[in-house]
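As numbered in the numbering used here, residues 921 to 1040 make up the sequence shown, in order.
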Amino acid sequence: MKTHTMLPTILLMICSLYSGVGWARDGGHRGHSSFGFYFGAPLYPYPYYRDPFYYPYYYPPTVITVPATPPVYIQQSPPAAQQYPSGYWYYCNHPEGYYPYIKACPRGWQQVEPIPPSPR
921 MKTHTMLPTI LLMICSLYSG VGWARDGGHR GHSSFGFYFG APLYPYPYYR
971 DPFYYPYYYP PTVITVPATP PVYIQQSPPA AQQYPSGYWY YCNHPEGYYP
1021 YIKACPRGWQ QVEPIPPSPR
């Protein structure tokens, strides 16, 4: 693992040593100097002032916000009383009586055959 990191480091160091050779001309790293006078008006206009803040090439997309719809709560009605088939009557022992005259029977309903009224 060390050779994978050492090799690029060594190559970078060698390349940095030879980078000065490209800049050395005219016998080494000696600088050039010149001396002269300039008389006259400049032949170029002053540079145009450029704003340092660039405007975007596009307009940002318009943000459209739509308020969320309020939640809808559905309140269900309480369940209707249990309807039993009409072919039978339902009797309760405590309290004594028949359905639908007695609405609740804690001990459970007894299913009985309907008794037709006696002829008079």
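In this text, a Cβ means the ideal position worked out from N, Cα and C, and glycines have one as well.
One or two residues paired with residue i in a DSSP bridge
i	result
Gln1031	Tyr1010
Tyr1018	Tyr1011
Spatial distance of residue i from residue j (CA atoms)
i	j	result
His1014	Pro1036	24 Å
Met933	His924	15 Å
Phe973	Thr982	22 Å
Ala988	Cys1012	54 Å
Gln1030	Pro1039	26 Å
Pro991	Ala1000	27 Å
Cβ-Cβ distance between residue i and residue j below 8 Å
i	j	result
Tyr1008	Pro1034	yes
Tyr1010	Tyr1021	no
Secondary structure of residue i, DSSP reduced to three states
i	result
Ile994	coil
Cys935	helix
Thr982	coil
Gly987	The sequence as given places Pro at residue 987; Gly does not occur at that position. Three-state DSSP puts Pro987 in coil, outside helix and strand.
Pro1037	coil
Pro928	helix
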